[in-house]
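Quick note on the working numbering: the sequence shown kicks off at 13 and runs consecutively.
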Amino acid sequence: MSNLYEQLANELGGLIANRVFAPGDRLPSIRHLAQQKRLSVSTVLQALRLMEDRGLVEARPQAGYYVRHRPRMMAVMNDAPQLQEPAFVGIQNLLMRVLKANEDTALVQMGSSWPLGEMLPMKRMQKTVAAVARRDATLLSAVSCYETNYPEFARQIVRRAIDWGHVDPNEIVVTGSCTEAISLCLRAVAKPGDTIAIESATYFVLLQLIESLGMKALEIPTHPKTGPSIDALELALNASLVQAVLLIPNANNPLGCIMPEANKQRLAALVGKHNVPLIEDDVYGDLCFTPERPWPVKAYDASGNVMLCSSFSKAVSPGARVGYVLAGRYAQEVAVLKMVSSGATSHFFQAVLADFLTGSAYGNQLRKMRRALSQRIARMSDAICAAFPQQCTVSEPQGGFVVWVSLPGQVDALALHERAIAQGVAFMPGQLFSASGKYSNYLRLNCGNAWSPRVEAAIATLGELVHREADRPGVLRSAA
Ligand SMILES: Cc1ncc(COP(=O)(O)O)c(C=O)c1O
């Protein structure tokens, strides 16, 4: 005879198996279950924890227990820390072609990793913009030639960083975006022909930046759950193969993985020991689904070699164009490059963001957005598992917007992209996420769309196309 909590776990498990509770659904609250089943709160909690251990449900902070989608784990990378040759990057033309094809607004948009307007605090921002313009019109009429940072915005950045460490206000350089921050850092610490270590797979704009600056990329093997292999990075650093490291440790795009704290510590110590700069893209740090906001590598940086780049493009306003870098020992070089490349970032929009960050609005926005994103990702992953062939795998992102899907080996994501566009669905083909043309049988999908019959139909269309291509004899090739 099983315990009461086991009986409850089995009963709820049966309801999940019969899809009375579908993936992404919230289970009744602990209090409700305790009352209805005449059980103590601790028995219900034990049952839910057992279901969590069985992989049936997941606890979401302040939201309750949710039915998990059926995960199909990504293949795990080879443990041996092997290194490829550094290579010049050549994705620019292909990227432009894909972006052009994706641009039609009639398509179901699963290509970009931008938040959708409906998720953003637009009403609040409209009010804040009006209030700041009324309060200080000189922010619109004057521009500082020397001072890129608006002091109140910089103060908010220091305050937000208190959770993980101490930021020296002098190391802050406010930029027009996270992308601009990364570009300035690369230019400050490396020159054409130098090699930059990156994750594999990584966000295509990072590859595009490396390409545009005439630098080479060294792809570091990256685990879909724990991020880049620190052993492989150590090999590269020991062999003096790289002049800088550029990573997305919190919710990598496209994998969604978070580097474990121990790896972050080891990485910070390594770049300190070798005196090699680490450019850390933390743009998704505030949008992770973990109970606590994960720390950046910068939190462990004792040498000043870590340059943390971020922005408010993902959670507040992509249109405001405000980002920043905590540039450590390279702050002066970065500040000078910022001034000569684009002058100061709009003080008006820095003041607007400073206002937004002052009260509780940002915290509320993050809570709302994290919850919506993790639910949408669960829903989308479940639909992909149902519609795509059995061999496909789906990442389990711990933050951000996107899922990374592997297709049967013979399916070419670029050819699939052409066919999907013709049927009204946009996504990003895997080839764009590697310097060496890997991932031709992968694709990245944005899960930011609210679930709707249109999105559901788009996933079904993609699934059908993948089935068709996977069943086709011979290898599928794109027309280009
Ligand atoms: C990893 C990563 N970094 C940076 C950005 C762009 O941020 P921003 O608009 O601030 O340049 C994106 C957007 O997709 C991203 O995915």
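C-beta: ideal position from N, C-alpha, C; glycine also. Small disclaimer: the values here were computed from a predicted structure and weren't measured.
Checking 8 Å against the spacing of the C-beta atoms, do Q443 and L119 come in under that value?
Numbered from 1 along the sequence shown, position 431 holds the residue referred to as residue 443. Numbered from 1 along the sequence shown, position 107 holds the residue referred to as residue 119. Not a contact, by the Cβ cut-off of 8 Å.
Please classify V101: does DSSP put it in a helix, a strand, or coil?
Against the sequence shown, residue 101 aligns to sequence position 89. Residue state, collapsed to three classes: coil.
Starting from the C-beta of S386, find all residues in its chain whose C-beta is less than 6 Å away, skip the five residues before and the five after it, and write them out in chain order.
In the sequence shown, counting from the first residue as 1, residue 386 sits at position 374. Apart from the 5 residues on each side of it in sequence, S386 sits with its Cβ closer than 6 Å to the Cβ of F301 in its chain, given in chain order.
Selected residue, minimal CA-CA separation from D483, among I194, V423, N114
What you label residue 483 is simply residue 471 of the sequence shown in a count that begins at 1. Checked all of I194, V423, N114; the closest Cα to D483 is V423.
Going straight from the alpha carbon of W176 to that of G375, what length do you get?
One-based indexing of the sequence shown puts residue 176 at position 164. One-based indexing of the sequence shown puts residue 375 at position 363. Spanning the two alpha carbons is a distance of roughly 16 Å.
Can you tell me the Cα-Cα spacing of N262 and C269, whole angstroms?
Counted from its first residue, the sequence shown places residue 262 at position 250. Counted from its first residue, the sequence shown places residue 269 at position 257. Computed Cα separation, rounded: 7 Å.
Spatial neighbours of D91 within its chain, please: CB distance less than 7 Å, with the 5 preceding and 5 following residues excluded, ordered by chain position.
Residue 91 sits at position 79 when you count from the first residue of the sequence shown. With a pLDDT of 49 at D91, under the threshold of 50, the modelled position of that residue is not reliable, and the figure given next carries that caveat. None.
Starting from the C-beta of L369, find all residues in its chain whose C-beta is less than 6 Å away, skip the five residues before and the five after it, and write them out in chain order.
For the purposes of this step, residue 369 is taken as the residue at position 357 of the sequence shown. For L369, where only same-chain residues beyond five positions count, the Cβ hits under 6 Å are Q168.
Assign V179 to one of three DSSP states: helix, strand, or coil.
The sequence position of residue 179 within the sequence shown is 167, counting from 1. V179 falls in the coil class under three-state DSSP.
When we look at the beta-carbon of D116 and count the other beta-carbons within 10 Å, is it buried (16 or more) or exposed?
Locating residue 116 in the sequence shown gives position 104, counting from the first residue. Exposed, because fewer than 16 other Cβ atoms sit within 10 Å of the Cβ of D116.
For D367, count neighbouring Cβ atoms within 10 angstroms of its own Cβ and tell me buried if that reaches 16, exposed if not.
Locating residue 367 in the sequence shown gives position 355, where the first residue counts as 1. Buried, since its Cβ has 16 or more Cβ neighbours within 10 Å.
Alpha carbon to alpha carbon, how far is P308 from Y215?
Position 296 of the sequence shown holds residue 308. Position 203 of the sequence shown holds residue 215. Looking at the two C-alpha atoms, the distance is approximately 18 Å.
Can you give the Cα-Cα distance for L111 and L290, rounded to whole angstroms?
Looking up residue 111 in the sequence shown gives position 99. Looking up residue 290 in the sequence shown gives position 278. Spanning the two alpha carbons is a distance of roughly 29 Å.
Mark N250 as exposed unless 16 or more other C-beta atoms lie within 10 angstroms of its C-beta, in which case mark it buried.
Here residue 250 is taken as the residue at index 238 of the sequence shown, counted from 1. Its Cβ having fewer than 16 others within 10 Å, N250 is exposed.
C-beta neighbour in chain E for V155, strict 8 Å
Here there is only one protein chain, and chain E is not present.
Please go through the same chain and pick out, in chain order, the residues whose beta-carbon is closer than 7 Å to the beta-carbon of N512, but skip the five residues on each side of it.
This structure leaves residue 512 out entirely; the chain is present only between 13 and 492.
Using 7 Å as the cut-off, classify the Cβ of V217 as near or not near the heavy atoms of ligand 1, replying yes or no.
The sequence position of residue 217 within the sequence shown is 205, counting from 1. Placement of the Cβ of V217 at a distance of less than 7 Å from at least one heavy atom of ligand 1 is found.
Report the partner residues of E211 according to the DSSP bridge assignment.
Walking along the sequence shown from the start, residue 211 turns up at place 199. Looking at the DSSP assignment, E211 forms a beta bridge with I232.
Rounded to the nearest angstrom, what separates S41 and S212 at their Cα positions?
Here residue 41 corresponds to residue number 29 of the sequence shown, with the count starting at 1. Here residue 212 corresponds to residue number 200 of the sequence shown, with the count starting at 1. The C-alpha of S41 lies about 40 Å from the C-alpha of S212.
Which residues bound the alpha helix (DSSP H) around Y374?
Translated into the one-based positions of the sequence shown, residue 374 becomes position 362. It spans 373-399 - the alpha helix (DSSP H) in which Y374 sits, taken as one unbroken run.
Buried or exposed (CB count within 10 angstroms, at least 16 for buried), E192:
Your numbering for residue 192 matches position 180 in the sequence shown. Per the 10 Å Cβ criterion, buried.
Close Cβ partners of Q435 (< 6 Å) along its chain, the five nearest in sequence each way excluded:
Mapped onto the sequence shown, residue 435 falls at position 423. If we look at Q435 and ignore the five residues flanking it on each side, its Cβ neighbours are T473.
Taking E70 as part of the beta strand (DSSP E), name the residues at either end of that continuous run.
Against the sequence shown, residue 70 aligns to sequence position 58. Run containing E70: 69-72, per the beta strand (DSSP E) assignment.
Completely contained alpha helix (DSSP H) runs for the stretch 254-310, where each covers 4 or more residues
273-286
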